[in-house]
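> Heads up: the protein sequence lines correspond to chains A and F, in order. Here the numbering used here is used: the first residue of the first sequence is 306, the next is one more, and so on. Here the numbering used here is used: the first residue of the second sequence is 66, the next is one more, and so on. Structure below; questions to follow.
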Amino acid sequence: AQKITQTQPGMFVQEKEAVTLDCTYDTSDPSYGLFWYKQPSSGEMIFLIYQGSYDQQNATEGRYSLNFQKARKSANLVISASQLGDSAMYFCAMREVGKGGATNKLIFGTGTLLAVQP
Amino acid sequence: SQTIHQWPATLVQPVGSPLSLECTVEGTSNPNLYWYRQAAGRGLQLLFYSVGIGQISSEVPQNLSASRPQDRQFILSSKKLLLSDSGFYLCAGTGLAGASSYNEQFFGPGTRLTVL
């Protein structure tokens, strides 16, 4: 069965420093996608970054980069130059391919609460 | 840009009352649509997904049902709410206008439901 694991319930980081949020996954499907979402206290889910299993390079989006290590089945999110507004819950997710075709269902990890300190 | 709408934003309902949460999508055709529930301090659990009008797949047995009467409308319902139905309900879709790829799953703003 497909599974996403986030082992860090909470993280602290100083403003302007970089932080890595861990995510490991388990799947027997050779084709999959990995996502990171940010959920501030307002509750909205904000898409941050996507990595496909066949992508040759690690995904980057501004201050966000995904450290994709396929052999280790890890997809850690790196946030560079942390800002106070980065304080939020962060979820790693994996796209699940259903029987009969792609349904694009996502399974989510339990999340990491990031607190950026001034 | 926000292309998924949900209402209401918050809802307080007594146990045993009915429920209807609506999600609408704009600017695209034939999206895949999803209902998730998030309990307080927890991750998201997929409840239902739909790949087209009238096509609903249920992920977990529960007190809720879903319907897709129109291409861009996805409704979450219950005939009689339970205390355990409290949570934050999020509608999401793929294949939406403004997405960087079909892989990107956009979320609506959510409905916070409290059952008393």
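Glycine included, every Cβ here is placed at the ideal spot set by N, Cα and C.
Between the alpha carbons of Arg102/F and Gln422/A, how many angstroms are there, rounded?
So the two alpha carbons sit approximately 30 Å from each other.
> Could you check which residue in Ala398/A, Trp341/A, Val324/A and Gln356/A has the C-alpha nearest to that of Gln374/A?
Closest by alpha carbon: Gln356/A.
> Can you pull the chain F residues whose beta carbon is under 9 Å from the beta carbon of Phe373/A, in chain order?
Near Phe373/A there are no residues of chain F at all, since even the closest Cβ is about 14 Å away, more than 9 Å.
> Give a yes or no on contact between the segment 336-345 of chain A and the segment 386-397 of chain A, applying the rule of three or more CB pairs nearer than 8 Å.
With the cut-off at 8 Å, the segment 336-345 of chain A and the segment 386-397 of chain A touch.
> Quick one: measure Cβ to Cβ for Thr159/F and Glu169/F, integer angstroms, because I've assumed they're closer than 8 Å.
Contact holds; Cβ gap of about 7 Å.
> Can you pull the chain F neighbours of Thr434/A, defined as C-beta to C-beta under 7 Å?
This structure cannot speak to residue 434/A, because chain A is shown only from 306 to 423.
> Could you name the residues of chain A that Thr159/F contacts, counting a contact when the two beta carbons are closer than 7 Å?
Result: Asn409.
> Expressed to the nearest angstrom, what Euclidean distance is found between the alpha-carbon atoms of Tyr330/A and Leu146/F?
If I take the Cα positions, the gap works out to 34 Å.
> Label Val77/F either buried or exposed according to how many other C-beta atoms from any shown protein chain fall within 10 Å of its C-beta, with 16 as the threshold for buried.
Flag for Val77/F reads exposed.
> Taking only beta carbons into account, state which residues of the segment 314-326 of chain A come closer than 7 Å to chain F, listed in chain order.
Within the segment 314-326 of chain A, no residue qualifies.
> DSSP state of Ser187/F, grouped into three classes?
Only positions 66 to 181 of chain F appear in this structure, which leaves residue 187/F out of reach.
> Residues bridged to Gln422/A by DSSP?
Note: Gln422/A sits in a beta bridge opposite Gln319/A.
> For Asp150/F, which of helix, strand or coil comes out of DSSP?
Looking at Asp150/F - three-state DSSP - the assignment turns out to be helix.
> Taking DSSP as the reference, what is the three-state secondary structure of Gly390/A?
Of the three classes helix, strand and coil, the one that applies to Gly390/A here is helix, per DSSP.
> For Gln311/A, is the classification buried or exposed, using 16 other Cβ atoms within 10 angstroms of its Cβ as the cut-off for buried?
Buried, since its Cβ has 16 or more Cβ neighbours within 10 Å.
> Under three-state DSSP, which class holds Gln313/A?
DSSP places Gln313/A in coil when its eight states are reduced to three.
> Is Asp401/A helix, strand or coil by DSSP?
It is Glu, not Asp, that sits at residue 401/A in the sequence shown. The answer is strand: DSSP assigns Glu401/A an E or B state.
> Which residue wins for smallest C-alpha separation from Tyr154/F, given the options Thr93/F, Arg137/F and Gly173/F?
Checked all of Thr93/F, Arg137/F and Gly173/F; the closest Cα to Tyr154/F is Gly173/F.
> Please list, in chain order, all residues of the same chain as Ala420/A whose beta carbon is under 6 Å from its beta carbon, the five residues on each side excluded.
Counting only Cβ-Cβ distances below 6 Å, and skipping sequence neighbours, we find Phe317 and Ser392.
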